[in-house]
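All remarks here apply to the structure that follows.
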Amino acid sequence: MQYLKKYPLFSVMIGFELLFVTILICLIIFTLAYQSVARRQLQEVSEMRNESLLLAEQLRQSSDELTRMVRSYAVTGDKKFLKYFYMILDIRDGRIARPDNYERIFWDYKVADDKIYDPGKGPGKPLENMMREMGFTSAEFSMLEAAKSQSDKLVELEEIAINAMSGKFKDENGKFSIIKKPDRELALQVLFGKQYHAAKSGIMLSIDKFMSALNGRTASSVEKFNKKLELINTRLRMLFAGLIVLVPILLLTILRYQKRAVSDLNLSIEQKSKEIRERQYVESELRKSKDRLRVTLDSIGDGVIATDINGIITRMNPVAEQLTGWLSGEGVGMPLDKVFHVVSREKRVALETPVKKILEDGQDGGRVDSEEELLIAKDQSEYLISASASPIKEGSEDCMGVILVFHDITEQRKMQEQLMQSSKMEAIGQLAGGVAHDFNNMLSGIFSSVELLRRKLPDDPKIMKYLNLIFEASKRSADLTQKLLSFARKQPTASTVISAQDSINAAVEILRETIDRRIDIKIDNEADSTKIVGDPSMLQSVFINLGINASHAMPDGGTLNIVCSNVSFDDAYCEVNPFDIKPGMFLNIDFCDTGQGIPRKALPHIFEPFFTTKAQGKGTGLGLASVYGTIKQHDGAISVYSEEGVGTCFHMFLPLSDDDNEVARLHDSEPFKGEGLILVVDDEPIMRVTAEALLVEMGFDVALAQDGIEAVEVFRERSDEIDLVLIDMVMPGMSGVDSFKAMRDINSEIRGVLSSGFINEGDFEEVKKGGFAAYIRKPYLSRTLGDVLKNVLES
Numbered sequence: 001m002q003y004l005k006k007y008p009l010f011s012v013m014i015g016f017e018l019l020f021v022t023i024l025i026c027l028i029i030f031t032l033a034y035q036s037v038a039r040r041q042l043q044e045v046s047e048m049r050n051e052s053l054l055l056a057e058q059l060r061q062s063s064d065e066l067t068r069m070v071r072s073y074a075v076t077g078d079k080k081f082l083k084y085f086y087m088i089l090d091i092r093d094g095r096i097a098r099p100d101n102y103e104r105i106f107w108d109y110k111v112a113d114d115k116i117y118d119p120g121k122g123p124g125k126p127l128e129n130m131m132r133e134m135g136f137t138s139a140e141f142s143m144l145e146a147a148k149s150q151s152d153k154l155v156e157l158e159e160i161a162i163n164a165m166s167g168k169f170k171d172e173n174g175k176f177s178i179i180k181k182p183d184r185e186l187a188l189q190v191l192f193g194k195q196y197h198a199a200k201s202g203i204m205l206s207i208d209k210f211m212s213a214l215n216g217r218t219a220s221s222v223e224k225f226n227k228k229l230e231l232i233n234t235r236l237r238m239l240f241a242g243l244i245v246l247v248p249i250l251l252l253t254i255l256r257y258q259k260r261a262v263s264d265l266n267l268s269i270e271q272k273s274k275e276i277r278e279r280q281y282v283e284s285e286l287r288k289s290k291d292r293l294r295v296t297l298d299s300i301g302d303g304v305i306a307t308d309i310n311g312i313i314t315r316m317n318p319v320a321e322q323l324t325g326w327l328s329g330e331g332v333g334m335p336l337d338k339v340f341h342v343v344s345r346e347k348r349v350a351l352e353t354p355v356k357k358i359l360e361d362g363q364d365g366g367r368v369d370s371e372e373e374l375l376i377a378k379d380q381s382e383y384l385i386s387a388s389a390s391p392i393k394e395g396s397e398d399c400m401g402v403i404l405v406f407h408d409i410t411e412q413r414k415m416q417e418q419l420m421q422s423s424k425m426e427a428i429g430q431l432a433g434g435v436a437h438d439f440n441n442m443l444s445g446i447f448s449s450v451e452l453l454r455r456k457l458p459d460d461p462k463i464m465k466y467l468n469l470i471f472e473a474s475k476r477s478a479d480l481t482q483k484l485l486s487f488a489r490k491q492p493t494a495s496t497v498i499s500a501q502d503s504i505n506a507a508v509e510i511l512r513e514t515i516d517r518r519i520d521i522k523i524d525n526e527a528d529s530t531k532i533v534g535d536p537s538m539l540q541s542v543f544i545n546l547g548i549n550a551s552h553a554m555p556d557g558g559t560l561n562i563v564c565s566n567v568s569f570d571d572a573y574c575e576v577n578p579f580d581i582k583p584g585m586f587l588n589i590d591f592c593d594t595g596q597g598i599p600r601k602a603l604p605h606i607f608e609p610f611f612t613t614k615a616q617g618k619g620t621g622l623g624l625a626s627v628y629g630t631i632k633q634h635d636g637a638i639s640v641y642s643e644e645g646v647g648t649c650f651h652m653f654l655p656l657s658d659d660d661n662e663v664a665r666l667h668d669s670e671p672f673k674g675e676g677l678i679l680v681v682d683d684e685p686i687m688r689v690t691a692e693a694l695l696v697e698m699g700f701d702v703a704l705a706q707d708g709i710e711a712v713e714v715f716r717e718r719s720d721e722i723d724l725v726l727i728d729m730v731m732p733g734m735s736g737v738d739s740f741k742a743m744r745d746i747n748s749e750i751r752g753v754l755s756s757g758f759i760n761e762g763d764f765e766e767v768k769k770g771g772f773a774a775y776i777r778k779p780y781l782s783r784t785l786g787d788v789l790k791n792v793l794e795s
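Heads up, the sequence shown is in full-length UniProt numbering, so the first residue is 1 and it goes up one at a time.
What follows is the structure, encoded as structure tokens:
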């Protein structure tokens with residue numbers, strides 16, 4: 001339409017041409033309609049003529065058939081013809097329904113048929129009525145009426161002949177009341193006489209006149225309508241010719257207009273194409289920007305949720321889906337606080353989201369942070385998170401929404417807590433390691449002195465009582481030091497193949513003598529093997545600690561069940577287990593009591609140093625911490641299950657040993673006796689004195705040195721005599737490791753036992769490389785020293 005306005009001349013030309021074409025088309029349509037009417041009128045005239053001629057023919061036919069039937073009756077006397085005579089008369093006058101296909105040969109078939117024809121029931125339509133309905137002119141109808149009248153007169157003659165055949169004749173009133181002998185000759189004279197032929201000819205003459213008049217009238221109408229149709233056809237040809245001329249002119253005008261319009265349109269299209277290309281480029285860059293934003297949000301390690309100014313979520317990234325438990329398709333369109341539900345860590349009170357602070361408190365100028373909130377996910381999972389929210393703005397416009405970024409700091413806080421715990425353990429370990437050496441040296445002197453006094457003094461109960469008190473106090477002090485070193489992981493385990501069952505039996509033997517006798521201790525060994533690599537005394541301490549804890553949980557008595565079994569752990573289990581264990585066969589040791597149980601809140605903390613559920617002054621909080629440390633030092637795992645009022649089970653898993661050597665026993669039945677020269681090296685006089693006394697009692701000769709340098713000199717002088725060196729690790733001047741290395745340079749076959757109140761795990765690896773045959777921890781008893789010496793000297 002805009003192009004038509006641009007070219008007004010073309011618009012006027014096309015308008016006029018379209019108007020003329022429209023007028024021509026309308027005239028053609030009107031003429032075609034008029035032609036259709038004329039043809040229909042011509043058809044009606046033709047149909048009326050045919051029907052009229054058929055009606056006249058039926059009148060002639062009925063007269064001929066009546067004559068034929070009555071003459072046949074008069075000649076043959078067969079009453080079938082008489083019956084058909086009256087039947088034809090009834091059909092003509094409408095007393096019987098007119099048969100289908102009622103033509104001239106109709107009665108030829110019926111006469112030839114032996115069976116009498118039955119026309120059936122039902123009224124017919126008189127021939128006279130049919131003539132009235134045809135719409136003839138009065139002259140035409142008069143001619144038909146005359147023919148009908150002549151036919152009726154002919155019927156009267158035919159009835160005279162019929163009655164004469166049956167002996168009935170007319171009286172003066174014209175009724176057939178005179179009965180005589182049938183007169184067939186009279187009947188034949190009537191039917192074949194001049195009067196009958198004259199009446200018959202009158203009928204035919206009237207019908208011929210009617211048909212001639214009808215033909216003349218209908219021929220005139222047909223000629224009239226044919227002329228009208230010819231005129232209509234001429235007009236149609238003229239109209240079509242005009243249309244044929246105008247349409248090309250219109251098309252040429254349109255083509256000229258289109259040519260100019262297309263030329264202008266091409267220029268416009270080129271301009272539009274340029275605009276479209278520019279728009280497509282902008283849209284492409286916008287899509288790329290959106291894709292980069294989506295990829296960035298999907299790739300970022302933090303949860304990201306965007307909202308509109310009403311706090312309705314408009315976008316979520318995969319991390320947000322994972323932490324909240326809501327899929328993006330579920331969360332988008334929902335209020336933020338339905339998806340991002342946060343509570344305080346301690347009191348678990350619902351908190352206001354940073355987004356709400358920005359939207360409601362008017363803090364749309366900057367960022368709002370929150371630290372250490374608990375996010376409650378859709379499946380009720382909990383995540384410790386830190387979150388920050390910032391308003392979404394474009395330039396200096398108002399806030400369009402808020403972007404919320406939150407980070408799962410659960411593992412980070414666990415690592416920080418573990419680091420704090422590790423730092424605490426390191427500090428305690430440094431403290432324990434700092435005092436362990438000197439403290440254990442003093443305890444070792446006390447232990448050895450008490451043992452020597454027990455053997456030397458008379459068997460006086462009072463004296464033995466006090467000696468036992470000194471021994472027990474020293475033993476408890478040594479145990480306390482050992483616990484500090486165990487949970488601080490500052491003390492290495494002995495790499496000895498032992499039977500864990502022996503350690504359990506030894507611990508149970510002690511427990512049965514020390515805890516409440518109302519507690520029944522049951523041992524059930526279902527394991528095929530209890531052979532492990534470890535330190536028997538440390539494991540025995542673990543079992544005693546667990547037994548004592550169980551007894552404290554059963555103040556009124558109960559049952560302590562100790563069950564051993566073998567289990568196998570595969571790679572999948574070891575990967576998810578919090579302990580650093582390797583796949584293979586393990587010894588499972590369960591300590592289960594029927595005591596009071598551990599409160600649920602206390603369970604996560606029971607292995608922490610100095611944590612205790614006992615009243616103040618009733619426990620150190622080091623027992624289970626040392627158990628935990630010892631099991632980990634043995635490359636094992638430990639877990640606990642407890643129900644208040646039901647009891648507690650500690651499950652320990654220690655890797656089985658595949659070493660075929662015979663397991664070491666805790667103690668021989670008899671004290672060890674030996675011979676030979678042993679060099680004792682220690683910077684503590686009390687250790688040299690007590691060690692010498694113990695060794696002499698065992699049957700050994702003893703040489704002494706107060707430091708590493710002196711020890712090397714003594715060994716150089718007497719290397720051929722000395723069978724074994726018992727040397728302290730930490731000494732001024734030259735350490736025990738360096739001193740023994742110098743001795744091995746003199747005699748590589750010399751055997752050494754390292755003795756120390758404290759040794760680091762890293763140092764222990766150096767000790768192994770230094771060639772020592774064994775290590776004994778201070779303080780030690782005479783029997784323990786004897787076992788170590790026996791193993792070294794007899795190996």
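Each residue gets a CB set at the ideal place from its N, CA and C atoms; glycine is no exception.
Using a Cβ-Cβ cutoff of less than 6 Å, which residues in the same chain neighbour residue i once the five nearest sequence positions on both sides are dropped?
{"i": "D682", "result": "R688 and D728"}
Whole angstroms is fine: what's the gap from residue i's alpha carbon to residue j's?
{"i": "L336", "j": "I403", "result": "11 Å"}
{"i": "L793", "j": "T514", "result": "36 Å"}
{"i": "A774", "j": "L785", "result": "11 Å"}
{"i": "I581", "j": "D701", "result": "46 Å"}
{"i": "G401", "j": "V282", "result": "24 Å"}
{"i": "E684", "j": "I709", "result": "15 Å"}
{"i": "V75", "j": "K227", "result": "56 Å"}
{"i": "A350", "j": "I313", "result": "19 Å"}
{"i": "D369", "j": "V304", "result": "14 Å"}
{"i": "F81", "j": "R98", "result": "18 Å"}
{"i": "H667", "j": "H605", "result": "With a pLDDT of only 45 at H667, under 50, the local geometry of the prediction cannot be trusted, and the value read off the model is given with reservation. Cα to Cα, H667 sits roughly 36 Å from H605."}
{"i": "S756", "j": "P555", "result": "39 Å"}
{"i": "D535", "j": "P461", "result": "35 Å"}
{"i": "A742", "j": "S795", "result": "23 Å"}
{"i": "K522", "j": "V563", "result": "8 Å"}
Please classify residue i as buried or exposed, where buried requires at least 16 other C-beta atoms within 10 Å of its C-beta.
{"i": "F650", "result": "buried"}
{"i": "P354", "result": "buried"}
{"i": "V262", "result": "exposed"}
{"i": "G167", "result": "exposed"}
{"i": "G547", "result": "buried"}
{"i": "T296", "result": "exposed"}
{"i": "G645", "result": "exposed"}
{"i": "N527", "result": "This sequence places Ala at residue 527; Asn is not what is there. With 16 or more other Cβ atoms within 10 Å, it is buried."}
So, with DSSP's three-state summary, where would you put residue i?
{"i": "L327", "result": "coil"}
{"i": "L374", "result": "strand"}
{"i": "S390", "result": "strand"}
{"i": "S529", "result": "coil"}
{"i": "N226", "result": "helix"}
{"i": "N173", "result": "coil"}
{"i": "C649", "result": "strand"}
{"i": "M400", "result": "coil"}
{"i": "M143", "result": "helix"}
{"i": "D738", "result": "helix"}
{"i": "S449", "result": "helix"}
My guess is that residue i and residue j are in contact by the Cβ rule of under 8 Å, so how many angstroms apart are they, rounded?
{"i": "I88", "j": "G124", "result": "Not really, about 12 Å apart at Cβ, beyond 8 Å."}
{"i": "L467", "j": "L453", "result": "6 Å"}
{"i": "F543", "j": "I504", "result": "6 Å"}
{"i": "Y84", "j": "K110", "result": "7 Å"}
{"i": "E371", "j": "V342", "result": "Contact doesn't hold; Cβ gap of about 11 Å is too wide."}
{"i": "A164", "j": "A187", "result": "4 Å"}
Near residue i, what residues of its chain come up, given a Cβ to Cβ distance below 8 Å and the 5 sequence neighbours on each side ignored?
{"i": "D459", "result": "none"}
{"i": "G676", "result": "F700, D701, D723, L724 and L793"}
Grab me the residues of residue i's own chain with a C-beta within less than 7 Å of its C-beta, minus the 5 sequence neighbours each way, in chain order.
{"i": "P318", "result": "D298"}
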